[in-house]
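One structure below.
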Amino acid sequence: DGGITQSPKYLFRKEGQNVTLSCEQNLNHDAMYWYRQDPGQGLRLIYYSQIVNDFQKGDIAEGYSVSREKKESFPLTVTSAQKNPTAFYLCASSIQPGQGKTEAFFGQGTRLTVV
Amino acid sequence: DAKTTQPNSMESNEEEPVHLPCNHSTISGTDYIHWYRQLPSQGPEYVIHGLTSNVNNRMASLAIAEDRKSSTLILHRATLRDAAVYYCIPIGGTSYGKLTFGQGTILTVHP
Chain A
3 DGGITQSPKY
13 LFRKEGQNVT
23 LSCEQNLNHD
33 AMYWYRQDPG
43 QGLRLIYYSQ
53 IVNDFQKGDI
63 AEGYSVSREK
73 KESFPLTVTS
83 AQKNPTAFYL
93 CASSIQPGQG
103 KTEAFFGQGT
113 RLTVV
Chain B
-5 DAKTTQPNSM
5 ESNEEEPVHL
15 PCNHSTISGT
25 DYIHWYRQLP
35 SQGPEYVIHG
45 LTSNVNNRMA
55 SLAIAEDRKS
65 STLILHRATL
75 RDAAVYYCIP
85 IGGTSYGKLT
95 FGQGTILTVH
105 P
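So this is what it looks like as structure tokens:
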């Protein structure tokens, strides 16, 4: 079935370690997004990509990095520079960025806990 | 980005209709109005979207004001499964490729 896969569902890391979250889509979508969600809060945009080999910072990009080498993949690295990395991370994709004619699809999220 | 205003929370009884409002007074003429909902501990899911005309699908109806500065998501018969956070998002000319969420409305459905 077509969709977005985030893995793993739960991830534990020690403080000071970088960690990479996976996001894969087989929907042939051009645009992909990463969000962070803290308990009781809304989704905040970390990075987004409108096309392969191009991406832009969102509202809270500090301490994070991304790459978009393939259309179907948009991994997010949470670096040791991120002061409060424990959160729920969500990935999304849409056919064309900012077009609005079609809907976005979301993965089921990765819950990262840094101890 | 077009700004949105939604009530922080709303309550409904099961099998009653629910009208969830959203103000988007800075929306541009090319922005579509999207609604998504997020169940606890899950990723958001698409509900409905529209440009100017009212829209219906199997999940809900979307009523868009004539001036497009506000819209209302209508759940015709709320069920316990509809308890979620509902987000209204203008997407199009003012979003420049971004998909930005506001705080949304927490909908509580009572049995």
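Protein chains in written order, with the working numbering: chain A, 3 to 117; chain B, -5 to 105.
C-beta: ideal position from N, C-alpha, C; glycine also.
Just so we're clear, the structure is a prediction, and the values are computed from it rather than from any experiment.
Residues bridged to residue i [DSSP beta-bridge criterion]
i, result
"Thr102(B)", "Glu5(B)"
"Lys59(A)", "Tyr49(A)"
"Gln8(A)", "Cys25(A)"
"Pro108(B)", "Coverage of chain B is limited to positions -5 through 105, which leaves residue 108(B) absent and any answer about it impossible."
"Gln32(B)", "Val79(B)"
"Phe14(A)", "Thr115(A)"
"Asn30(A)", "DSSP, once it has assigned bridges, lists no residue as partnering Asn30(A)."
"Ser67(A)", "Thr79(A)"
"Thr(-1)(B)", "Asn17(B)"
Spatial distance of residue i from residue j (CA atoms)
i, j, result
"Asn51(B)", "Gly111(A)", "26 Å"
"Leu45(B)", "Asp25(B)", "7 Å"
"Ile27(B)", "Ile83(B)", "6 Å"
"Lys73(A)", "Thr104(A)", "18 Å"
"Thr81(A)", "Pro11(B)", "46 Å"
"Asn28(A)", "Gln8(A)", "12 Å"
"Lys92(B)", "Gly60(A)", "8 Å"
"Arg46(A)", "Gln19(A)", "23 Å"
"Ile58(B)", "Lys11(A)", "37 Å"
"Ser64(B)", "Cys93(A)", "28 Å"
"Pro87(A)", "Ser47(B)", "42 Å"
"Gly102(A)", "Cys16(B)", "17 Å"
"Gly23(B)", "Val117(A)", "47 Å"
"Met142(B)", "Tyr40(B)", "Here chain B covers residues -5 to 105 and nothing more, so residue 142(B) does not appear."
"Pro41(A)", "Ser95(A)", "23 Å"
"Tyr49(A)", "Ser35(B)", "21 Å"
"Gln39(A)", "Arg71(B)", "29 Å"
"Glu86(B)", "Thr94(B)", "Here residue 86(B) is Gly; the residue named in the question, Glu, does not match the sequence. Those two C-alpha atoms are separated by around 11 Å."
Cβ-Cβ distance between residue i and residue j below 9 Å
i, j, result
"Glu5(B)", "Val79(B)", "no"
"Asp61(B)", "Leu101(B)", "no"
"Ile42(B)", "Leu74(B)", "no"
"Phe76(A)", "Arg113(A)", "no"
"Gln43(A)", "Gln32(B)", "no"
"Cys25(A)", "Ile6(A)", "yes"
"Gln84(A)", "Gly65(A)", "yes"
"Arg15(A)", "Thr79(A)", "no"
"Ser51(A)", "Gln58(A)", "yes"
"Ala63(A)", "Tyr30(B)", "no"
beta-carbon residue i near the ligand HEM non-hydrogen atom, thresh 8 Å
i, result
"Leu33(B)", "Of ligands this structure carries none, so the ligand HEM is not represented either."
Taking Cβ-Cβ distances below 9 Å as the criterion, which residues of the segment 15 to 28 of chain B are in contact with chain A?
Thr24, Asp25, Tyr26, Ile27 and His28
Would you mind listing the beta strand (DSSP E) stretches within the segment 86 to 113 of chain A that are 3+ residues and don't spill past its ends, in chain order?
89 to 96
Just by C-beta distance, which residues in the segment 42 to 64 of chain B are closer than 7 Å to chain A?
Here the close residues are His43.
Residues of the segment 21 to 34 of chain A in Cβ contact with chain B at a cutoff of 9 Å, in chain order, please.
Ala33
Using Cβ-Cβ distances below 9 Å, what residues of the segment 75 to 94 of chain A are close to chain B?
Phe90, Leu92, Cys93 and Ala94
Which runs of the beta strand (DSSP E) at least 3 residues long sit entirely within the segment 52 to 84 of chain B? Give them in chain order.
55 to 58 and 64 to 69
Name the residues in the segment 65 to 98 of chain B whose C-beta lies less than 7 Å from a C-beta of chain A; which are they?
Ile85, Gly86, Ser89, Tyr90, Gly91, Lys92, Leu93, Thr94, Phe95, Gly96, Gln97 and Gly98
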